[in-house]
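Right, one structure below, let's go through it.
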Amino acid sequence: MFKKVLIANRGEIAVRVIRACRELGVRTVAVYSEADRDSLHVQLADEQVCIGPHQPARSYLNIPAVISAAEVTNADAIHPGAGFLAENAQFAEACEDCRITFVGPSAENIRTMGDKVDARKAVVKSGVPLVPSSSSTRRRSRRNVQEVIETEEEALAIARDIGYPVMIKAAAGGGGRGMRAAHNDVSLVALFRTTRAEAEAAFGKPDVYIEKLIQHAKHIEFQVLADHHGNVVHLGERDCSIQRKHQKLVEETPSLLDDKCRDEMARHVIRATRSIGYRSVGTIEFLVEDDGSHYFLEMNTRIQVEHTITEMVTGLDLVKWQLRVAAGDELEFDQRDIRGRGHAIECRVNAEDPAQGFAPSPGTLTQYRVPGGPGIRVDSHAYLGYAVSPFYDSLLGKLCAYGDTRDEAIARMRRGLDEYVVEGVHTTIPFHRRVMDDPAFVAGNVHTDFLETSASV
335 MFKKVLIANR GEIAVRVIRA CRELGVRTVA VYSEADRDSL HVQLADEQVC IGPHQPARSY
395 LNIPAVISAA EVTNADAIHP GAGFLAENAQ FAEACEDCRI TFVGPSAENI RTMGDKVDAR
455 KAVVKSGVPL VPSSSSTRRR SRRNVQEVIE TEEEALAIAR DIGYPVMIKA AAGGGGRGMR
515 AAHNDVSLVA LFRTTRAEAE AAFGKPDVYI EKLIQHAKHI EFQVLADHHG NVVHLGERDC
575 SIQRKHQKLV EETPSLLDDK CRDEMARHVI RATRSIGYRS VGTIEFLVED DGSHYFLEMN
635 TRIQVEHTIT EMVTGLDLVK WQLRVAAGDE LEFDQRDIRG RGHAIECRVN AEDPAQGFAP
695 SPGTLTQYRV PGGPGIRVDS HAYLGYAVSP FYDSLLGKLC AYGDTRDEAI ARMRRGLDEY
755 VVEGVHTTIP FHRRVMDDPA FVAGNVHTDF LETSASV
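At the far end of the sequence shown sits residue 791, using my numbering, and the numbering has no gaps.
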């Protein structure tokens, strides 16, 4: 095991990694921006290094600064957390060049699965179903060309061949960015330009592709874990269908898929993970239609925000295992040993105002009290007097509720939301209360268009 790990992140995920390291007997180094000087992860770590001003590009995304902090503190590993540099292949390579272990998959895995076009090519070899796209139209298959579309004329031809509505997606996109739905030729032309510009600004290249927009589908993801000894397991699936602008708001596990669909998807997940030689925790995401048809969306090559609920139903500590796998340990269990028990739900409590279109709500917390009691877990970096920064993600905490049944998990989540007190900023707690009481959610009848179709939330 490592002697010292630097956590290249902030917020609740940095706190989560620090706590896992402490339980493993590993010393920790927190890096922070000037705006995060008083953050909880800075207080909890054994050592602290300021790496720059509040701008992410000059601090948390500054690869030389992060590497220098690791070298100065003699850290032998870097955990990237979730977000910022977590899925940056250049960063993983920089760690390797400096003989610092990157706690995650290989740079090659990150690069391949981070490019949505390359990811589709990688998983289709293992039989994973794909959404009809710019690579699967008759016109393009005859020409044997790449999925990436460079001109409006190409985009129009592809969209007409696939059939509207379609999604225009940045090849290097992620986190809900670089995605636009087009319903006709006019909107396609306008959004094609917009998406290319957004892709270049956010990801450094304007490459986009087009795929069929699957409407009224569930967003289902499978958690995988693979070591360096050839062992690959999945830890079940999560339903992440309740989203706003492709950003997840509520997640639960297990989903309400039937066993036949679940087992078929699980086989696809294991084959795909093995086929790319993946090593670490990861998540493979799908769109699932009501008839069980499922299509690969993407693979996230990092720990997910919602890993918490998988931990609650499996009893496994995913962050510890991520660290152990990076250190070379072999998994101590196989697929037969993994048995999910009960049901867990996560609500992301963000400093946002649902009444104002989920606008960010920075400010200082004048009251902060987290819930407790049976089946409740809160992962948070906030505290009384904490200043919610306008410069970073608005997540305050993850409220998770576990029950022997889904009904019990919902009841405990309702109680947890009622006990969760945050004053000084607006939060998404009122929104989550409405979701928990929504008849469609209670019945398990939710899809990715839930927010657009529900009258009660």
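Ideal placement from N, C-alpha and C gives every residue a C-beta, glycine not left out.
Point to revise | First through last residue of the beta strand (DSSP E) which encompasses Thr362 | key: If you number the sequence shown from 1, residue 362 lands on position 28. Counting along the chain, the beta strand (DSSP E) containing Thr362 begins and ends at Arg361 to Ser367.
Check your understanding: Thinking C-alpha only, which one of Thr485, Ala661, Ala505 and Asn634 is nearest His563?
Key -> Numbered from its first residue, the sequence shown carries residue 563 at position 229. Closest option to His563, Cα to Cα, is Ala661.
Exercise for review: Write down the C-beta distance between Ile618 and Val603 rounded to the nearest angstrom, noting that I regard them as a contact closer than 8 angstroms.
Suggested key: If you number the sequence shown from 1, residue 618 lands on position 284. If you number the sequence shown from 1, residue 603 lands on position 269. The Cβ separation is near 5 angstroms, so the contact holds.
Check your understanding: Candidates Leu631, Arg353 and Ile347: which alpha carbon is nearest Leu464's?
Key -> Reading the sequence shown from its first residue, position 130 is the one you call residue 464. Considering only alpha carbons, the answer is Leu631.
**Study point:** Same chain only: Cβ atoms within 7 angstroms of Tyr754, ignoring 5 sequence neighbours per side
**Key:** Numbered from 1 along the sequence shown, position 420 holds the residue referred to as residue 754. These residues qualify, in order along the chain: Val683, Val704, Pro705, Leu733 and Ile763.
**Study point:** Close Cβ partners of Arg476 (< 6 angstroms) along its chain, the five nearest in sequence each way excluded
**Key:** The count along the sequence shown starts at 1 and reaches residue 476 at position 142. At Arg476 the pLDDT is 38, less than 50, meaning the model places this residue with poor confidence and gives no usable figure here.
Review point. Hey, quick one: how far does the beta strand (DSSP E) through Asp573 stretch, first residue to last?
Key: One-based indexing of the sequence shown puts residue 573 at position 239. It spans Val566 to Arg578 - the beta strand (DSSP E) in which Asp573 sits, taken as one unbroken run.
Review point. Got a sec? Which residues, its chain only, sit under 7 angstroms from Val769 by beta carbon, not counting five neighbours each side?
Key: On the sequence shown, residue 769 is found 435 positions in, with the first residue counted as 1. Excluding positions up to five away in sequence, the list reads Ile576, Val584, Phe775 and Val791.
Exercise for review: Please look up how many angstroms separate the CB atoms of Val722 and Ala689, rounded, as I've assumed it's under 8 angstroms.
Suggested key: Mapped onto the sequence shown, residue 722 falls at position 388. Mapped onto the sequence shown, residue 689 falls at position 355. Rounded, the Cβ-Cβ distance is 17 angstroms, inconsistent with contact.
Review point. Can you give the beta carbon distance from Val400 to Ala342, rounded, assuming they're within the 8 angstroms contact cut?
Key: As a first step, residue 400 must be located in the sequence shown, where it is residue number 66. As a first step, residue 342 must be located in the sequence shown, where it is residue number 8. Yes, Val400 and Ala342 are in contact; Cβ-Cβ is about 5 angstroms, under 8 angstroms.
Check your understanding: In three-state terms, what does DSSP make of Ser614?
Key -> Your numbering for residue 614 matches position 280 in the sequence shown. In the structure shown, Ser614 sits in a strand (DSSP, three-state: E or B).
Practice item. Look up His715 in the DSSP assignment and say whether it is helix, strand or coil. Key: Indexing the sequence shown from 1 puts residue 715 at position 381. It is coil, neither helix nor strand.
**Study point:** Segment contact flag, the region 647-654 with the region 349-360, C-beta cutoff 8 angstroms, min 3 pairs
**Key:** yes
Review point. Once you ignore the five residues that flank Arg605 on each side, which residues in its own chain have a CB closer than 8 angstroms to its CB?
Key: Locating residue 605 in the sequence shown gives position 271, where the first residue counts as 1. The residues are Ser460, Gly461 and Val462.
Check your understanding: Rounded to the nearest angstrom, how far is the Cβ of Thr648 from that of Gly570, given a contact under 8 angstroms?
Key -> What you label residue 648 is simply residue 314 of the sequence shown in a count that begins at 1. What you label residue 570 is simply residue 236 of the sequence shown in a count that begins at 1. That pair is a contact at about 7 angstroms.
Review point. Measuring CA to CA, which of Thr787, Glu786, Thr782 and Ser788 is closest to Ile554?
Key: By one-based count along the sequence shown, residue 554 stands at place 220. Ranking the options by Cα distance to Ile554, first place goes to Thr782.
Review point. Secondary structure at Ala428, three-state DSSP: helix, strand or coil?
Key: In the sequence shown, the residue the question calls residue 428 occupies position 94. Of the three classes helix, strand and coil, the one that applies to Ala428 here is helix, per DSSP.
Exercise for review: Can you give me the Cβ contacts of Ser609 inside the same chain, cut-off strictly under 8 angstroms, excluding the 5 residues immediately before and after it?
Suggested key: On the sequence shown, position 275 is the one that residue 609 refers to. So the qualifying residues of the chain are Ala456, Val457, Lys459 and Ser460.
**Study point:** Own chain, CB closer than 6 angstroms to Leu590, minus 5 neighbours either side, in chain order
**Key:** One-based indexing of the sequence shown puts residue 590 at position 256. Answer for Leu590: Gly778, listed in chain order.
Point to revise | Limits of the alpha helix (DSSP H) - the one that Arg296 falls within | key: Because the chain in this structure spans residues 335 to 791, residue 296 falls outside the shown range and cannot be described.
Check your understanding: Can you name, in chain order, every residue of its own chain whose Cβ lies under 6 angstroms from the Cβ of Asp687, other than the five neighbours on each side?
Key -> As a working note, residue 687 is residue 353 in the sequence shown. Within the same chain, Asp687 has close Cβ partners Ala693, Ser695 and His760.
Review point. Of the choices Ala735, Ala516 and Cys429, whose alpha-carbon is the least far from that of Thr644?
Key: Walking along the sequence shown from the start, residue 644 turns up at place 310. Selected option, being the one with the closest Cα: Ala735.
Practice item. Measure the C-alpha to C-alpha separation of Thr587 and Arg711 and round it to an integer number of angstroms. Key: By one-based count along the sequence shown, residue 587 stands at place 253. By one-based count along the sequence shown, residue 711 stands at place 377. The alpha-carbon atoms of Thr587 and Arg711 are separated by roughly 15 angstroms.
Check your understanding: So, using beta-carbon positions, are His628 and Cys574 closer together than 8 angstroms?
Key -> Here residue 628 is taken as the residue at index 294 of the sequence shown, counted from 1. Here residue 574 is taken as the residue at index 240 of the sequence shown, counted from 1. Against a cut-off of 8 angstroms, the Cβ pair of Cys574 and His628 comes out as no contact.
Exercise for review: Consult DSSP for Leu729 and reduce its assignment to one of helix, strand or coil.
Suggested key: Against the sequence shown, residue 729 aligns to sequence position 395. If DSSP states are grouped into helix, strand and coil, Leu729 belongs with the strands.
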